[in-house]
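Novice:
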Amino acid sequence: MQGNREFLIEVLMLSLLHHPNLVSLVGYCADGDQRLLVYEYMSAGSLEDHLLDLPRGKSPLSWFTRMKIALDAAKGLEYLHDKANPPVIYRDLKSSNILLDHDFNAKLSDFGLAKVGPVGDKSHVSSRVMGTYGYCAPEYQRTGQLTVKSDVYSFGVVLLELITGRRVIDTRRRNKDQNLVSWADPIFKNPQRFTELADPLLKQDYPEKGLNQAIAVASMCLTVDASTRPLIGDVVTALTIIADGADIIESVDSPSEPSPSRSFSYMNKSSGSDRERAIAEAKEWGTSARTTAMSRSMR
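Be aware that the sequence shown starts at 1, since it is given in full-length UniProt numbering, and climbs by one per residue.
1) For Arg66, which three-state DSSP category applies?
2) Indicate whether Val23 and Glu48 have their beta-carbon atoms separated by less than 7 angstroms.
3) Less than 8 angstroms between the CB atoms is what I'm expecting for Arg75 and Val236, so what's the real figure, rounded?
4) Residues bridged to Ser24 by DSSP?
5) Using the C-alpha atoms, what's the distance from Val157 back to Ser95?
6) DSSP on Tyr153, reduced to helix/strand/coil?
7) Using 8 angstroms as the cut-off, can you tell me whether the segment 50 to 68 makes contact with the segment 27 to 41, which would need three or more C-beta pairs spanning the two stretches below that distance?
8) Pick out whichever of Leu77, Val148, Ser46, Tyr28 has its Cα sitting closest to the Cα of Thr228.
9) Tell me the residue span of the beta strand (DSSP E) that contains Val38.
10) If you draw a straight line from the C-alpha of Trp63 to the C-alpha of Tyr153, how long is it?
11) Closer than 8 angstroms is the cut-off here; do at least three beta carbon pairs connect the segment 166 to 173 with the segment 216 to 232?
12) Kindly provide the ranges of any alpha helix (DSSP H) runs that are 4 or more residues long and lie completely inside the segment 170 to 257, ordered along the chain.
13) Closest by CA to Ile232, which one among Gly45, Glu78, Asn190?
14) Using alpha carbons as the reference points, say which of Lys115, His102, Gln178, Asp103 lies closest to Tyr90.
15) Among Lys209, Ser219, Leu100, Phe188, which one has its Cα closest to the Cα of Ile242?
16) With H, G and I counted as helix, E and B as strand and the rest as coil, what does DSSP make of Gly57?
17) Which residues does DSSP list as the beta-bridge partners of Lys115?
18) Going by C-alpha distance, which of Asn97, Asn212, Lys58, Asn190 is nearest Asn21?
19) Based on the DSSP secondary-structure assignment, which residues constitute the bridge partners of Cys29?
20) In whole angstroms, give me the CA-to-CA distance for Arg193 and Phe111.
21) Thinking C-beta only, is Leu160 closer than 7 angstroms to Ala184?
22) How about Leu93 and Phe155: are their beta carbons less than 7 angstroms apart?
23) So who's on the other strand from Ala73, going by DSSP bridges?
24) Mind checking whether the beta-carbon of Ile163 lies closer than 6 angstroms to any heavy atom of the ligand MN?
25) Tell me which residue opens and which closes the beta strand (DSSP E) that Asp100 is part of.
26) Would Ser15 be called buried (16 or more neighbouring beta carbons within 10 Å of its own) or exposed?
27) Leu47 by DSSP, collapsed to three states: which one?
See the structure below:
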């Protein structure tokens with residue numbers, strides 16, 4: 001059941017948008033004041049069901065399953081931002097809106113709050129602030145100005161949930177630890193503390209460098225200045241390598257600042273030269289992010 005406007009938006013969006021990482025609309029019913037949407041069946045439920053507040057005895061998601069889910073969600077956003085015409089801002093990315101099939105392939109669902117993005121020379125669209133508390137980008141909450149970078153912030157929150165196994169807002173914790181992003185922020189600035197962000201349920205069963213890479217991506221997505229957040233296409237490139245288990249962060253100093261908004265080469269696994277170039281660029285991005293985090297911690 002949902003309001004007329006959200007119902008019509010979702011029917012329209014799902015009728016026009018088609019991608020392997022977006023849930024498909026099977027049908028809908030509008031009878032009087034009753035509204036019903038029928039999605040394709042996603043047998044494993046939502047990401048929230050498998051990540052947050054697990055019942056005793058339920059196995060946690062493995063590290064690489066988490067990174068695969070993150071990559072799938074990022075690919076869904078990339079389609080909305082870069083390939084849909086006109087571009088679409090999802091506006092309600094959260095763990096409960098990421099649905100999973102029996103192989104843990106992830107698809108974005110619930111497009112009732114989605115909005116057509118800025119076109120032409122416009123930098124943003126203005127909108128009444130909607131979404132879920134904790135996932136909304138700070139500039140959107142403050143001004144109502146919506147861009148694709150607002151979705152990138154929300155993605156950073158979901159990625160941080162995947163890394164930590166913690167809810168974005170958890171009132172059962174101490175006051176200073178209730179907001180996930182606020183709790184993680186000082187740790188972002190000190191790479192020596194990165195392991196504190198890893199979900200204890202993983203029992204240290206993750207690649208240390210892969211953890212560092214994922215934290216670097218989350219940190220850049222969650223920067224307060226929207227202009228310095230990476231484009232979602234950059235995130236897809238980095239997560240493709242992380243999900244593959246490739247070693248892209250090494251202990252070398254980089255004098256340059258990270259450039260998250262520049263485009264990486266598209267990774268085409270059928271082309272060795274493209275893949276090598278993408279890995280080299282992602283390595284530069286990852287090491288620059290870590291160097292910047294270190295310099296911030298010393299200020």
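Ideal placement from N, C-alpha and C gives every residue a C-beta, glycine not left out.
Specialist: Concretely, from the data shown:
1) Under the three-state reduction of DSSP, Arg66 is assigned to helix.
2) Going by C-beta atoms, Val23 is not nearer than 7 angstroms to Glu48.
3) First, the residue type needs correcting, since residue 75 is Lys and not Arg in the sequence shown. Contact between Lys75 and Val236 is confirmed by a C-beta separation of about 6 angstroms, below the 8 angstroms threshold.
4) Beta-bridge pairing links Ser24 to no other residue.
5) 9 angstroms
6) Tyr153 falls in the helix class under three-state DSSP.
7) no
8) Val148
9) 34 to 39
10) 22 angstroms
11) Verdict: no, contact absent.
12) 180 to 188, 208 to 221, 232 to 244
13) Glu78
14) For Tyr90, the nearest C-alpha among the options comes from Lys115.
15) Lys209
16) coil
17) Ile89
18) Asn97
19) Leu36
20) 37 angstroms
21) yes
22) Cβ distance < 7 angstroms, so Leu93 and Phe155 count as in contact.
23) Ala73 is not bridged to any residue.
24) You won't find the ligand MN in this model; it holds no ligand whatsoever.
25) It is worth fixing the name first, because residue 100 is Leu in this sequence and not Asp. 98 to 100 is the extent of the beta strand (DSSP E) around Leu100.
26) exposed
27) helix
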